[in-house]
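Notes follow once the structure below has been shown.
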Amino acid sequence: MNTKTPTQQRRVASGNDRTQRRSGGRSNSYKKAFGKRSSGRPSFRGFGRAKNSGRSSFNPSQFINRTPSTTEVEEEFSPIHTFEQFGLAPSLLVSLNKMGVKKPTPIQDRIIPEILKGNDVVGLAETGTGKTAAFLLPLIDMTLKDGKRRTLIVTPTRELAVQIEAELKMLGQGMNLQSVVCVGGAGIGPQISALQRNPRFIIGTPGRLIDLINRGKLQPENIKTVILDEADRMLDMGFINDIRAILGKTPASRETHLFSATMASSAQALVKDFLRNPVEISVKKRDTISSISQNVISYSPDKKFEKLTETLEKIKGSRIIIFGAMKYSVEKLAKQLKQFGFSTDSIHGNKSHGQRKRSLDRFKNGQIKILVATDVAARGIHVNNVSHVINYDLPSTFEDYIHRIGRTGRAHKSGEALTFVSERTTEDRRPRPNSFDRRKIR
Ligand code: AMP
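Just so it is clear: in the sequence shown, position 60 is 47 by the working numbering, and no numbers are missing.
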C-alpha cells in the first residue's frame, strides 16, 4: 500500500500500543476518539452520525499517526511449559507436531494446567491468541482418560461452532472423538440423530442448544464441562437467558470455563453465579493488535467504489476481507467487484448456513481472494494468512472494529487494516495545528 499520501492514509500504531501499555489501558488518543458511553462500554462515537449534521462527528484520523512510525519488534514469548510438560496424551503431541504447532501461546501456557487440575477458568482473550486449543487440548486429554466425559461448548455464531469442531478434529485426529455441531439455520434432524450417538463434544449456539434440551434430545445432566466461548458477544446478542437456562440445567458439579475479549458487568455476573473460584487469566489485546498496522483511506463520496478498486489493484494477490454495514449492500458490493474481475464471494445473514460455509471454504482454500462480509463474519472466524481487512463501511462500535481487524495479523503474522473514511469527515474536521499532541500517542 502507498502510505505516503498524507490525507489518504495515516498510520496508527506501534506508538499507540506503547501508550496503551504505559497507561495500562487505552491510549489517550483512543479515549479521545472512541469516548465512553455511560454504560462504560467504549464506543466508536463518531462512527455513528452526529445529530442533525448528517455527518460523522468524529475524525478517525485523530488517532492515526501522520508519519509511519518505527515498527516495534514484538518480544518473543517464552512459555514456562512445553506441550510435553503438560502431560498431554502422546497422540495429542503427535497432532500438534503434524499441525506445526511447536510451543504454547501465553494463554495456553497458563490455562492448560488449570483446566487439567479441574479448576474453573476465566480467559480474557480474543480470537487469534490460541484460546480454542487452550481449552480443547486439556479437554481432549481428559476425555481420552475418561470415555464418559461430555463437554458442551457454547458459542455466539454458527461459524465459530463449525470452526471449533474443525480444530477439535485436527487436534483429535485418529482418536475417535465424536462431536456434533448444533446451530440454528441448519436442519435440526441430523443434529438430533448425531446426539443420539452420544458424542463427547457438543458445540452449538445458545438458541438451538436450549431448543434441543427442551425437546429432550440433549441431556444436560450428563455434561461434565461447559465452555462459554466469546461470552461478551453472546451477551451482546441477547443470549443471557438461554445461557443461564443451559447452565442451570447442567449439573452443579460441572467445570465451567468462560472466554471473553472484554469483561462487562453482565459477564461478571455470569462468572459470579456459575463459576467456582475461577482462575482468571488475561491475554492483553496488544498481543493481537500490535501485529496489525492500521490506516485510513480517504474517499470522495461519489468515488468510493472507484477508490476501493484502486486499493484492491494495489494489494492484488493478497487475501482480503472487506467489511460492509448491511446484508444487501455487502451482496451488491460483492457482485460489483465480480463484474470488475475481482475474485470475490460474500458472507452475510441473508445467506443460509450452507451458503455461508461454502463461501468461507472457498475463501479458506484460496479459490477466491476477497470475501465481502457483514460483522456476522467478524467474530471467531479464523482464516490463515488474511493479509488485509478493509472497513469499506465504518463499524458501529469500538469492539466491532477490534473484532474486524483481528481477522488479520493472526498467529504471529502481520496484517494491515484499512478503514474507508469520507473526505468530508477528514477534511472538514482536520485537526488544527497544535491541537494534536503527537507525544501522547508515541
Ligand atoms: P484461536 O485464538 O483459537 O482462534 O487460534 C488462532 C489460530 O492459532 C488457529 O489457527 C490455531 O490453529 C493457531 N494456534 C493455536 N495454538 C497455537 C500455537 N501454540 N502456536 C501457533 N499457532 C497456534
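Positions of the beta carbon are idealized from the N, C-alpha and C atoms, including for glycine. Remember, predicted model here, so these are calculated numbers, not experimental data.
With a 10 Å radius around the Cβ and a threshold of 16 neighbouring Cβ atoms, THR144 comes out buried. Of the residues assessed, PRO125 falls on the buried side of the cut-off, its CB having 16 or more other CB atoms within 10 angstroms. A direct Cα-Cα distance of roughly 19 Å separates SER305 from GLN326. Relative to the ligand AMP, the beta carbon of PRO93 is positioned no closer than 7 Å to any heavy atom. ILE302 is positioned such that its CB atom lies no closer than 8 Å to that of ASP332.
DSSP lists VAL141, CYS169 as the beta-bridge partner residues of GLY191. Cα atoms of SER316 and ASP198: separation of roughly 32 Å, rounded to the nearest angstrom.
Relative to ALA218, the option among ALA248, GLY161, LEU79 whose CA is nearest is ALA248. Shown here for THR130: same chain residues with a beta carbon closer than 8 Å to its own, the five before and five after excluded, namely ARG136, THR138, LEU164, ARG187, PHE188 in chain order. Only exposed fits THR69, as fewer than 16 other CB atoms lie within 10 angstroms of its CB. The closest CA to that of LEU320, considering only PHE292, ARG345, ARG343, GLY336, is found on PHE292. For HIS68, the Cβ stays outside the 7 Å cut-off from all heavy atoms of the ligand AMP.
By the Cβ test, the segment 98 to 106 is not in contact with the segment 150 to 162, since fewer than three Cβ pairs between them sit closer than 8 Å. If one requires a minimum length of 4 residues, the alpha helix (DSSP H) runs lying completely within the segment 69 to 128 are 77 to 86, 93 to 104, in chain order.
Comparing alpha carbon positions, the residue from ILE357, LEU215, ASP260 closest to TYR379 is ILE357. Taken from the Cβ of LYS156, every heavy atom of the ligand AMP lies 7 Å or farther away. Residue environment: GLN95 is assigned as buried (16 or more neighbouring CB atoms within 10 Å of its CB, all protein chains considered). Annotated as distal: PHE261 and ASP216, with beta-carbon spacing of 8 Å or more. Distance between GLY172 and ALA312, taken at the CA atoms: about 21 Å. Annotation: the continuous alpha helix (DSSP H) that includes LEU234 extends over 227 to 236. Inter-residue distance for THR361 and GLN281 is about 19 Å (C-alpha atoms, whole angstroms). Taken in chain order, the complete alpha helix (DSSP H) segments of 4 or more residues contained in the segment 245 to 316 are 252 to 261, 273 to 276, 291 to 301. DSSP, read as helix, strand or coil, puts ALA360 in strand. Here GLY402 is bridged, per DSSP, to ILE279. With distances taken between CA atoms, THR116 lies nearest to HIS369 out of HIS369, GLY74, ALA404. Judged by beta-carbon spacing, VAL376 lies beyond the 8 Å limit of GLY353, meaning their Cβ atoms are not closer than that value.
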